[in-house]
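Have a look at the structure below, then the notes.
There are 2 protein chains.
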Amino acid sequence: MSNTYVVIMAGGSGTRFWPFSRVKKPKQFLDVLGLGKSLLQMTFERFRAITDADKIFIVSNKKYKSLIAKQLPELSMEQILLEPFQRNTAPCIAYASYKIGKKDPNATIIVSPADHVVFKDEIFTSLIKKAANAAKSSERIVTVGVEPNRPETGYGYIQYMEDDSTDIKKVKTFTEKPELEIARTFVESGEFVWNAGIFVFSVSSIKTAFGQFLPDMAESFDSIEEHLYTAKEQEAVDECYTQCKSISIDYGIMEKAKNVFVVLGDFGWSDLGSWDTLYESSEKDENDNVIRGNAMVYDSNNCTIIGRKKKLLVVCGVDDLLVAHHGNAVLVASKDCKTSLRQIVHDIQAQNKSEYL
Amino acid sequence: MSNTYVVIMAGGSGTRFWPFSRVKKPKQFLDVLGLGKSLLQMTFERFRAITDADKIFIVSNKKYKSLIAKQLPELSMEQILLEPFQRNTAPCIAYASYKIGKKDPNATIIVSPADHVVFKDEIFTSLIKKAANAAKSSERIVTVGVEPNRPETGYGYIQYMEDDSTDIKKVKTFTEKPELEIARTFVESGEFVWNAGIFVFSVSSIKTAFGQFLPDMAESFDSIEEHLYTAKEQEAVDECYTQCKSISIDYGIMEKAKNVFVVLGDFGWSDLGSWDTLYESSEKDENDNVIRGNAMVYDSNNCTIIGRKKKLLVVCGVDDLLVAHHGNAVLVASKDCKTSLRQIVHDIQAQNKSEYL
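Now the structure itself:
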């Protein structure tokens, strides 16, 4: 598909996999599933089935530039778009859309997170192609919905209009991370799917949407368009970002736009948003343990055990435990621990122990 | 007490504190209690209250020679007796007794393990002095008994004859590590005390005992006596050890001799024989956790958490757990784990992972 471009958003710096994910090397750059490839590399490969390598762009923070270049040596530096700081997904998508649109105003753009997993690649590919065809040369913005199999409270939900005559359903509402009771209602109703965070649109339709719903942001990017593909690009982008508010594309545009559609599928998707979802997405031993690295495990069940290569981790007589040894830190936490990882990471920072983050 | 000598047995190579204790640095050389001193150093200091530094001897394996010299710089090399390999306590005590006896045939010798702890030093000192006085210039072999406060199955027990007329009670039986039911009977009877592994005797009485109960061993040491304090000593000892059977002084002599006595006391003793006894002997936080090193602990109770200085250990939402991070290994084990540390250490060896032992 010659006009099809992919934008992989790889700027996250979450610590939900601490101590595995670190500020210097967040989740998307890690081999979270133990398959010998980072999530970014897996995402890149997945989209190579859809378009050429030179039409795939990565947007990320400046500090990850060399990490990206190292993990994806196929890319030219022109394909790595650098943000000066995090401003959520809307500015990230604006930057990439303006950049691609300047060279190819007829482009169809697929935007995807870098750090999700997909187990059924073929279904995924055909679904994305369907979305791209629906978005191509049209005003439609197409999202991707995953049939839910549980009332997950960590995901966003998309409600759509039942219409058996088409695979491209009109979206009614977006809901971010609902309470459990609400999530249950959503799943039971059959009208809701998980929001996979993937958006497909033409350059013209996304520019129209930015102009309509985030006009300040559109104006900022309009004003720097002339510097794209010049020596002044980075400086202009850095300045432009200082003027952008931090807002997600979901909240800034998708929830408000009337031309949003969704394609549905079951392609074995997880956002790998936490140690729990990593456990769900990983292969287990006969005692339902997920075991990685150099570990010896005795009399233990339902554990997530992530060891290091050259360190030995011995786990004995425990259930429902997370044990993660990475770099200079070890985390041992029961899966129903009341203290959140967010709190722990916050405390580490507060105690001036940032060398462990 | 000018004729009083101390022999500290520091040849053990146990792995009951793995991963904290290692083959290269077993428990006696470690600061197990986190007090800034190794157990050997604490034992040495304890006996300095009883005799002069130049009358304290250490018996250990050759491979620990430099470790001992480093931890106890007060000692001359003459005071460090080196065994070629482990042969349990009987040959160790024979070697030290022959060595001391050759120079001072009137010596009273106190033999003690290097790796036990004593929390009430003054009571200990006066009890040992009492034992030394009882053994001095007599045929009596005097052991030290600790009033039991629980039916511990990991300790040896000494049964003695009730006799209110003296503090030096006659010993009836020695029992190694009894079953729980038997240990209960022992403690309830009031006739049993824990065997602290300390023996006090004159040179003449121990030589007599070796001649009577371990005549082959006595003969072997008789034959090398001429080489003690000469350049040939080590070679002679090495050869002598090949002829000695591996046997404990308890089993080889104490259980059989008729002239064994015991002094009793409560001096806050533990053999620190396992992670459990370490927990019992250590200061706890308000949630009954023992915490060492660089650790952050949340919502956890009754845990033993031993971190490293420059590594961070985070423990969250667990009870009755042992987490020990040392060197290149981490152990996470429930306190009631069915698999023994002995089995784990055996498995590590069987898997050719001796770099972790």
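Those protein sequences? They're chains A and B, same order as listed.
The working numbering applies: residue 1 is where the first sequence begins, and numbers increase by one.
The working numbering applies: residue 1001 is where the second sequence begins, and numbers increase by one.
The beta-carbon is built from N, C-alpha and C at its ideal position, and this holds for glycine as well.
Count the other CB atoms within 10 Å of the CB of Pro151 of chain A; is the residue buried (16 or more) or exposed (fewer)? buried
For the candidate residues A:Ser300, A:Lys245 and A:Ile68, whose alpha-carbon lies nearest to that of Ser38 of chain A? A:Ile68
Inside the segment 1250-1309 of chain B only - beta strand (DSSP E) runs reaching at least 3 residues: Runs found: 1260-1265, 1290-1292, 1295-1298 and 1304-1306.
Looking at the C-beta of Val1290 of chain B, does it have a partner C-beta in chain A at a distance below 8 Å? Closer than 8 Å to the CB of Val1290 of chain B there is not a single CB belonging to chain A.
Beta-carbon contacts of Asn1301 of chain B that lie in its chain and below 8 Å, excluding the five residues immediately before and after: Result list for Asn1301 of chain B: Asn1287, Asp1288, Asn1289, Asp1319 and Asp1320, in chain order.
Would you say Val1323 of chain B lies against chain A (beta-carbon separation less than 8 Å)? yes
Using three-state DSSP, classify Phe1124 of chain B as helix, strand or coil. helix
Proximity test, Cβ basis, 8 Å: Ile1344 of chain B and chain A: yes
Assigned secondary structure, Ala365 of chain A (DSSP; H/G/I helix, E/B strand, else coil): Chain A is shown from 1 up to 357; residue 365 of chain A falls before or after that span and cannot be answered.
Go ahead and pull the three-state DSSP assignment for Phe85 of chain A. coil
Between the alpha carbons of Thr185 of chain A and Pro91 of chain A, how many angstroms are there, rounded? 33 Å
Restricting to runs no shorter than 4 residues, where is the alpha helix (DSSP H) found entirely within the segment 1128-1210 of chain B? Correct list: 1180-1189.
Could you check whether the Cβ of Leu1313 of chain B sits closer than 8 Å to any Cβ belonging to chain A? yes
Hey, does Cys1353 of chain B have any beta-carbon neighbour from chain A nearer than 8 Å? What sits at residue 1353 of chain B in the sequence shown is Lys, not Cys. Cβ-Cβ to chain A under 8 Å: yes for Lys1353 of chain B.
Can you look up Pro1215 of chain B in the DSSP assignment and give me helix, strand or coil? When DSSP states are grouped into helix, strand and coil, Pro1215 of chain B belongs to the helix group.
Helix, strand or coil at Phe47 of chain A according to DSSP, with G and I counted as helix: Phe47 of chain A falls in the helix class under three-state DSSP.
Distance between beta carbons of Val1262 of chain B and Lys1169 of chain B, contact taken as under 8 Å: Lys1169 of chain B to Val1262 of chain B, Cβ: 5 Å. Contact.
Just mark Leu1248 of chain B as buried or exposed, buried being the case when its beta carbon has 16 or more other beta carbons within 10 Å. The sequence as given places Ser at residue 1248 of chain B; Leu does not occur at that position. Ser1248 of chain B is buried by the Cβ-count criterion.
Express the C-alpha separation of Ser66 of chain A and Thr173 of chain A in angstroms, rounding to a whole number. 39 Å
Confirm, please, whether the CB-CB distance from Pro1148 of chain B to Val1193 of chain B is below 8 Å. Between Val1193 of chain B and Pro1148 of chain B, the C-beta spacing is below 8 Å.
Tell me, please, whether the CB atom of Tyr1359 of chain B is closer than 8 Å to any CB atom in chain A? Within the shown structure, residues of chain B are numbered from 1001 to 1357, placing residue 1359 of chain B beyond reach of any answer.
I think Phe124 of chain A touches His326 of chain A, with their Cβ atoms under 8 Å apart; what is that distance to the nearest whole Å? That pair is no contact at about 29 Å.
Could you give the first and the last residue of the continuous beta strand (DSSP E) run that contains Ile1247 of chain B? Segment: none, Ile1247 of chain B is in no beta strand (DSSP E) and carries neither H nor E.
Which whole-angstrom value is the C-beta distance of Leu272 of chain A and Asp163 of chain A, which I expect to be below 8 Å? With a Cβ gap of about 32 Å, Leu272 of chain A and Asp163 of chain A do not count as contacting.
What residues are listed by DSSP as bridge partners for His326 of chain A? A:Ala329
Compute the distance between the beta-carbons of Ala183 of chain A and Thr153 of chain A, then report whether it is under 8 Å. yes
Close-in-space but distant-in-sequence residues of the same chain around Val1133 of chain B (CB under 6 Å, 5 per side omitted): Val is not the amino acid found at residue 1133 of chain B; the sequence shown has Asn there. Excluding its 5 nearest sequence neighbours in each direction, Asn1133 of chain B has no C-beta neighbour in its own chain below 6 Å.
Would you say Thr1339 of chain B reaches chain A, if we count a Cβ-Cβ gap shorter than 8 Å as a contact? yes
Output, in chain order, the set of chain A residues within a Cβ distance shorter than 7 Å of Leu1127 of chain B. The premise fails here: Leu1127 of chain B is roughly 39 Å from chain A at the closest Cβ pair, so nothing lies under 7 Å.
From the DSSP output, read off the bridge partner residues of Asp319 of chain A. A:Asn301
Quick one: any contact between the segment 3-23 of chain A and the segment 47-60 of chain A, if contact means 3 or more CB pairs under 8 Å? The segment 3-23 of chain A is in contact with the segment 47-60 of chain A.
For Phe1221 of chain B, name the three-state secondary structure that DSSP assigns. helix
Report yes if the CB atom of Ala333 of chain A is closer than 8 Å to the CB atom of Cys1316 of chain B, and no otherwise. yes
Look at the Cβ atom of Met217 of chain A, then the Cβ atom of Ala94 of chain A, and state whether they are nearer than 8 Å. yes
For the alpha helix (DSSP H) containing Val1345 of chain B, list its first residue and its last residue. Leu1341 to Ala1350
Return the CA-CA distance between Met1042 of chain B and Leu1278 of chain B, expressed in angstroms with no decimal places. 15 Å
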